[in-house]
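If you read the protein sequences in the order shown, they are chains A and B. One point on numbering: in this note's numbering, the residue at position 265 of the first sequence is 265, and numbering is uninterrupted. One point on numbering: in this note's numbering, the residue at position 337 of the second sequence is 1337, and numbering is uninterrupted. In this text, a Cβ means the ideal position worked out from N, Cα and C, and glycines have one as well.
Protein chains: 2
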Amino acid sequence: MMLRSTSRSRPVVALGIAMILLGGCASLGPTEHQHAHARELPSWRDGETRTAILEFVQRVTDVSSPDYVAPPERIAVFDNDGTLWSERPMYVQLAFALDRIAAAADEHPEWRTTEPFSFVLEGDLGGLASAGEHGIVEIVLATHAGTDTEKFRSTVADWLETARHPDTGRPYTEMVYQPMLELLEFLRANDFETWIVSGGGVDFMRVFAEEVYGIPTEQVIGSLGDLNYEVGPDGPRLLRLPGIAFIDDKAGKPIAIHRSIGRRPIAAFGNSDGDFEMLEWTTAGDGPRLGVYIHHTDAEREVAYDRTSSIGRLDRGLDEAGDRGWIVVDMAEDWTQVFKASPVEQLDGD
Amino acid sequence: MMLRSTSRSRPVVALGIAMILLGGCASLGPTEHQHAHARELPSWRDGETRTAILEFVQRVTDVSSPDYVAPPERIAVFDNDGTLWSERPMYVQLAFALDRIAAAADEHPEWRTTEPFSFVLEGDLGGLASAGEHGIVEIVLATHAGTDTEKFRSTVADWLETARHPDTGRPYTEMVYQPMLELLEFLRANDFETWIVSGGGVDFMRVFAEEVYGIPTEQVIGSLGDLNYEVGPDGPRLLRLPGIAFIDDKAGKPIAIHRSIGRRPIAAFGNSDGDFEMLEWTTAGDGPRLGVYIHHTDAEREVAYDRTSSIGRLDRGLDEAGDRGWIVVDMAEDWTQVFKASPVEQLDGD
């Protein structure tokens, strides 16, 4: 699609773009050479996990394979928090909401006596954690009720520019898993569509998904707040209301996938029991299927957590992954690098 | 994206595909020649309407134009009923629902005394029309409560195979507007994404949208029924419930566009006041915008209707289109052909 001529007078431009993308129309030898020496998924250690992923992609893209899947059906879905970026010490969207509540507390004296806002103002993170992703969505929606969608977008963008992860001091948009960035890119290079299907708010994730993950806004599925369309003196706008329209978690994930994509994915990646139904729905389809859990096993480079964690609990998933043929990624063992290199480190590596 | 090599060993295949799409790497002359002789939008008569559409596309695709729009932002949205295919004598989805109700009436004696089902069983089309698109969605959802999404899909597909338009005897999937098919294709050739945004049920439209319009399932937005995810002995399924989750009409259209696409379209096409807010939202954005109403003026080749019609009423839209700079397509004047040629006619024309 991208390579079609954008007007009938520009076949030469289109051809030029094609050559750039293909690595040079007239130099097939060097291109093949380069490909042979580039190792796919470089931050994934050799072993069963990496091999299983590569073999799956090989099977579904090989036209001579009985497991071949045509490109439109190559849909891969990814949870976000804990699967593509860190959810510790708290969901990033919660960190955003806490900052917003602190900034607006003086205008809302009622928050001091209303849960879950009082948890925030009292610094009671345990109380907050018990409110779960639902409580967080509630906080985020409430703190932005009355804001229109364009103002919300710029507020999030400004915050992401300046906010820093409390442990590493890095921007949250750098606290993304390097092996997963490689996996997204690898799948897209093999004509997969890569979708986010997350409990996070859709308008929050869309602010950074394209730049950070290469995922366009229309391939981001998330929780939804109520919206109102209203026409004022400056024209129409979409106003955020405090109500929750849809929580994209647990059984909500296959429902949202059906509503937004209309096809069953062939690959699904998650890290918690909130992703169980998404993996179940994906892998219950006919033909080749890939279900993957990211297991947070790395206490040194990140945080080790699973069965008893209030954030990103993975319990049933660990019990059933084996019988269901799902892959469990051992972050400590399977990944040579956890987080994306900072811009400075990337410069050193060149 | 499509032209990237699907595996590292296949640059030659990718190049071959590139050459086919580009019309031949080594023969730019003939390609330009062909383009110069093919008239864009062949079923659109020369005149202000056709010129305005062509000029808009020219402006947004010309990299040297101040109105240039990058491909990811080239989003065009289309209503379906009355914009892409006929909504007369009734919405196609209503014809489907009527057949389903007739088929299942014996199992539902309560329908004889419950509106809107009683309208159907009594043949009271006026009563039905007064129930509006909301009533139709209610009928469709109710008649399929308890069906899972895959069974629903096959039921619709079977019905479309055999059902015929009451006036023309043609399959409904041939009662589509030839000029609009050309417009969809023309926009996609210019790197637009073409989305359906319709009050119709999303699962109904997805059955034929890809084959008939070339629009993939993930670019179809419609009304939504409640769904339940349940796991039985045969695995998980998505069960259709009788409740309405979302009506994609009027102010619902910009809301659904925001939720599903996350970008404001630059072009919108509709035919009724139910599309007003979609055109308003689209054309209120910065930069070049195109708002188009299809006006059903052709009593000979179709049906002439507008301000007082119960189906597809176009009243406010006609009043305000001029001031708002929206184009009003006069079907009788602007289109040399209304419906897609039947396969037999197409053969004759070759």
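Query                                                                                                                                                    : Result
Buried or exposed: which applies to A:ASP158, given that a residue is buried once 16 or more other Cβ atoms fall within 10 Å of its Cβ?                  : exposed
Do three or more CB pairs link the segment 1244-1253 of chain B to the segment 1269-1280 of chain B at distances below 8 angstroms?                      : yes
Is there a Cβ from chain B that is less than 9 angstroms from the Cβ of A:LEU227?                                                                        : yes
Report yes if the C-beta distance between B:THR1149 and B:LEU1227 is below 9 angstroms; otherwise report no.                                             : yes
Less than 9 angstroms separating the beta-carbons of B:ASP1334 and B:THR1049?                                                                            : yes
Under 7 angstroms Cβ to Cβ from A:MET331, same chain only, skipping five residues before and after it: list those, please.                               : ILE294, HIS295, HIS296, THR297, ASP298, GLU302, VAL338
Interface residues of chain B around A:ARG45 at Cβ under 7 angstroms?                                                                                    : The contacting residues do not exist; A:ARG45 stays about 20 angstroms from chain B at best.
Sort out for me which residues DSSP pairs A:LEU224 with in a bridge.                                                                                     : A:PHE246
Please state whether DSSP places B:PRO1236 in a helix, a strand or coil.                                                                                 : strand
Between B:VAL1202 and B:LEU1160, how many whole angstroms is the CB-CB distance? I'm expecting something under 8 angstroms.                              : 16 angstroms between Cβ atoms; not a contact.
Whole angstroms are fine: how far does the CA of B:LEU1141 sit from the CA of B:ILE1244?                                                                 : 7 angstroms
So with CB distances below 7 angstroms, who are the chain A contacts of B:GLY1274?                                                                       : Chain A residues near B:GLY1274: none, gap ~13 angstroms exceeds 7 angstroms.
Between B:SER1086 and the ligand ZN, is there a pair consisting of the residue's CB and a ligand heavy atom that are separated by less than 8 angstroms? : Of the ligands one can find in the structure shown there are none, so the ligand ZN has no counterpart to examine.
Quick check on the burial criterion: 16 or more other C-beta atoms within 10 angstroms. Buried or exposed for A:SER154?                                  : exposed
Considering Cα atoms alone, identify which of A:LEU187, A:PRO242, A:ARG88 is closest to A:LEU215.                                                        : In the sequence on display, residue 215 of chain A carries Ile and not Leu. Answer by Cα proximity: A:LEU187.
Taking Cβ-Cβ distances below 8 angstroms as the criterion, which residues of the segment 278-309 of chain A are in contact with chain B?                 : GLU280, TRP281, ALA284
Does A:ARG50 come within less than 9 angstroms of chain B when only Cβ atoms are used?                                                                   : no
Please list the partners that B:HIS1258 has in chain A, where partner means a Cβ-to-Cβ separation under 8 angstroms.                                     : THR149, LEU227, LEU238
May I ask which residues mark the beginning and end of the alpha helix (DSSP H) holding B:THR1173?                                                       : Premise fails: B:THR1173 is in no alpha helix (DSSP H) and is neither H nor E.
How close, in whole Å, do the beta carbons of B:VAL1197 and B:PHE1078 come, if the pair is a contact with beta carbons under 8 angstroms?                : 7 angstroms
What does A:GLY382 touch in chain B if you count any residue whose Cβ is under 7 angstroms from its own?                                                 : Since the first residue shown for chain A is 1 and the last is 350, residue 382 of chain A is missing from the structure and cannot be characterised.
Have a look at A:LEU41 and A:GLN178 and give me their C-alpha separation to the nearest angstrom.                                                        : 10 angstroms
Can the beta-carbon of B:LEU1181 be found closer than 9 angstroms to that of B:TRP1044?                                                                  : no
Entirely within the segment 117-150 of chain A and at least 4 residues each: give me those alpha helix (DSSP H) ranges in chain order.                   : 117-121, 125-143
Is it buried or exposed for B:ARG1259, if we count other Cβ within 10 angstroms and need 16 for buried?                                                  : buried
Would you verify that the beta carbon of B:ALA1251 is, or is not, closer than 9 angstroms to some beta carbon of chain A?                                : yes
In chain order, what residues of the segment 1206-1219 of chain B put their CB closer than 7 angstroms to some CB of chain A?                            : ARG1206, PRO1216, THR1217, GLU1218
Please report the residue range of the beta strand (DSSP E) in which A:ASP330 lies.                                                                      : 327-330
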